[in-house]
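Visitor: Below is the structure I would like to discuss, written out as structure tokens.
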Amino acid sequence: MTSAISFEKFIELSLYSENGFYNTIGKAGRRGDFITSPEVGPLFGAVIAQAIDARWHELDCPEKFTIVEVGAGPGSLARSVLKANLKCRHAISYVAVETSLAQRNLHPVEVISQDQMPSEPFVGMIIANELLDNLPFRLFVFDGQWQEAFVVERDGKFLEVLHTVDEIPAWLPQNPSLGTRLPVQQQAQKWLASVLQVLEHGSLIVFDYC
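For the sequence shown, the working numbering begins at 910 and goes up steadily by one.
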């Protein structure tokens, strides 16, 4: 039996560890495990390219304009954007940030492929398509009192165990129904704060779906 880990940590390991989904079998595309807008066709990237041109003009056409795509996957969106008729193409550096080495190996040669956000401030745009809904989250369960879900391995199987919450967050419902399960996403706010620190001037474009 292993020690229990939080549901949030379990999701992180399942998706992003060396043996996790995105580093092993996870593939985007019509024949893959999931499909996102860039895999449907070039229109999504063409629309974003128009937004890039518009923002570049609004900032008085800077000589260097950096596009950082976070969670770039196999580079489908990057390909569509760079194939569009970008008026600011000569000024663009396209940075594709992707934690999965397997996905980075599929990036087009025109991009700067890396596993972390740039550390130096830049002028440009940050793009994230279906990233925030893939961030790990905590899971709270009400069984007469609020508890947090953890995961433990026993006899080769993963089991959910509930741990008492020392300090119940004020944002949890006060009178929930018995059996209520509430996923709580806190990493998105941390991610937003971190990326805005390096965006000196420009825009952040985030796409997610409910």
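Just so it is clear, CB atoms sit at the ideal spot from N, CA and C, and this is done for glycine as well.
Keep in mind it's a predicted model, so treat the numbers as computed, not measured.
Check Leu1101 in the structure and name its three-state DSSP category.
Guide: helix
Visitor: Where does Glu927 sit, in a helix, a strand or coil, going by DSSP?
Guide: Shown here, Glu927 sits in coil according to DSSP, grouped into three states, outside any helix or strand.
Visitor: According to DSSP, simplified to helix, strand and coil, what is Ile957?
Guide: helix
Visitor: Please classify Val1115: does DSSP put it in a helix, a strand, or coil?
Guide: strand
Visitor: Looking at Asp1052: is its Cβ nearer than 9 Å to the Cβ of Leu1091?
Guide: no
Visitor: With H, G and I counted as helix, E and B as strand and the rest as coil, what does DSSP make of Glu921?
Guide: helix
Visitor: With DSSP run on the structure shown, which of helix, strand or coil describes Gly938?
Guide: At Gly938, the pLDDT of 47 sits below 50, so the modelled position is not reliable; the number obtained from the coordinates is stated separately. Note: Gly938 maps to coil in three-state DSSP.
Visitor: Give me, in chain order, the residues of the same chain whose beta-carbon lies closer than 7 Å to that of Trp1055; leave out the 5 immediate sequence neighbours on both sides.
Guide: Phe1049, Val1074, Ile1077, Leu1081
Visitor: If you run the structure through DSSP and keep just helix, strand and coil, what is Pro947?
Guide: The answer is helix: DSSP assigns Pro947 an H, G or I state.
Visitor: Can you check whether the CB of Glu1019 is closer than 9 Å to the CB of Leu991?
Guide: Their beta carbons are under 9 Å apart, which means Leu991 touches Glu1019 by this criterion.
Visitor: Kindly indicate which residue of Asn932, Ile914, Gly1111 has the alpha-carbon position closest to the one of Thr1008.
Guide: Asn932
Visitor: Which residue or residues does DSSP assign as beta-bridge partners of Gln1023?
Guide: Val1006
Visitor: Could you pull the DSSP bridge partners for His1110 from this structure?
Guide: Val1032
Visitor: Would you mind reading off the limits of the alpha helix (DSSP H) that contains Val990?
Guide: 985–992
Visitor: Just how far apart, CA to CA, sit Ala1102 and Gln1096?
Guide: 10 Å
Visitor: Note down the Cα distance separating Cys997 from Val1060, rounded to an integer number of angstroms.
Guide: 49 Å
Visitor: Looking at Ile961: is its Cβ nearer than 9 Å to the Cβ of Met1026?
Guide: Contact flag unset, no.
Visitor: For the ligand ZN, is there any heavy atom lying closer than 8 Å to the beta carbon of Leu1108?
Guide: As presented, the structure is devoid of all ligands, the ligand ZN included, so that no description of it is given.
Visitor: Among residues of its own chain, excluding the 5 on either side of Arg1047, which ones have a beta-carbon nearer than 6 Å to its beta-carbon?
Guide: Glu917, Val1093
Visitor: Taking Cβ to Cβ, would you say Ser989 is nearer than 9 Å to Pro1030?
Guide: no
Visitor: Here's the rule I'm using: 16 or more other beta-carbon atoms within 10 Å means buried, otherwise exposed. How should Leu1105 be labelled?
Guide: exposed
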